[in-house]
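Heads up: the sequence shown runs through residues 6 to 222, numbered per our numbering.
Everything on this sheet refers to the single structure shown next.
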Amino acid sequence: MSPQNIIRTAKEKGLDIIAITDHNSTRNVRTCMELGKKKNLFVIGGCEVNTQEEVHCLAYFPDLEKLDEFQNFLDEHLPDIKNNPDIFGHQVAVDEDDNIIYEEEKALIMALDIDIESVSEKVLSMGGIFIPAHIDRSKNSIFSQLGFIPFDLKYNALEISWRTTVEKLTEKYPKLTGKRFILSSDAHYPEDIGKVHTKLKMEKTDWESFVKAIHRL
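Take a look at the structure:
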């Protein structure tokens, strides 16, 4: 899943917009955004955060400055537990030519030391988009970990995976009827990119239009 492979595959599958959301890291986003510009692909920068409760949440940001600020937040709250490359592989960031420019020594698989409400508050205070991820899954979802959505949790939408539909989910959880949903591939391999997708009505491919489209879902 190098940046080059991601951008090339997304274009081959006819996607206009993708989001890059690595686990607990934003360090490969810049390269993907630069490659995306060259290929006329709008790349939204973000992160898949693993909260203290081990709930996965998506965070999207308007620009690289905000991404860098959020990376500092991640560095502050990711436990100082060293990664084992023999088990989890090397955690690297690369440039446009796939040259390694950074290797993360902390284990990115770990949960942050901060709860989901605090992560939401941080993301939204920075002008970002906050979305609890793959809420239909039996692990690392808000329902698998907490059993409910906290009443005071602020979020822009909810994400479901290819395993279900909005209709099936709202039948199981009637209180979710009328909520905003996105459907994402959560691709960890190139062949899974675009496996499912969300159709957004946007005036143009920029952050402001993206935010408006999310709020129209």
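C-beta: ideal position from N, C-alpha, C; glycine also.
For a test of the three-state rule: what should DSSP assign to residue i, helix, strand or coil?
i	result
Asn55	strand
Lys204	coil
His220	helix
Gln119	Reading off the sequence, residue 119 comes out as Ile, not Gln. Looking at Ile119 - three-state DSSP - the assignment turns out to be coil, as it is neither helix nor strand.
Val99	strand
With which residues is residue i paired in a DSSP beta bridge?
i	result
Ala24	Ile49
Lys111	Lys87
Pull up the distance between the alpha-carbon of residue i and that of residue j, whole angstroms please.
i	j	result
His139	Phe47	23 Å
Ile170	Val216	In the sequence under discussion, the amino acid at residue 170 is Thr, which differs from the Ile named in the question. The straight-line gap from Cα to Cα measures roughly 22 Å.
Ser190	Glu196	10 Å
Pro8	Glu101	7 Å
Asn10	Cys62	24 Å
Tyr107	Glu58	28 Å
Lys44	Ile12	8 Å
If you check the beta carbons only, do residue i and residue j fall under 7 Å apart?
i	j	result
Ile224	Ala112	Outside the shown range of the chain (6 to 222) lies residue 224, about which nothing can therefore be said.
Asn159	Ser125	What sits at residue 159 in the sequence shown is Lys, not Asn. Taking 7 Å as the Cβ cut-off, Lys159 and Ser125 qualify as a contacting pair.
Leu174	Ile165	yes
Trp167	Lys200	yes
Leu72	Thr36	no
Ala162	Ile219	yes
Ala198	Ala15	It should be pointed out that residue 198 corresponds to Ile in this sequence rather than to Ala. Yes, the pair counts as a contact, with Cβ atoms nearer than the cut-off.
Mind listing, in chain order, the continuous alpha helix (DSSP H) runs of no fewer than 4 residues lying wholly within the stretch 136–200?
Those alpha helix (DSSP H) runs which fall completely within the stretch 136–200 and span 4+ residues are 147–150, 171–177.
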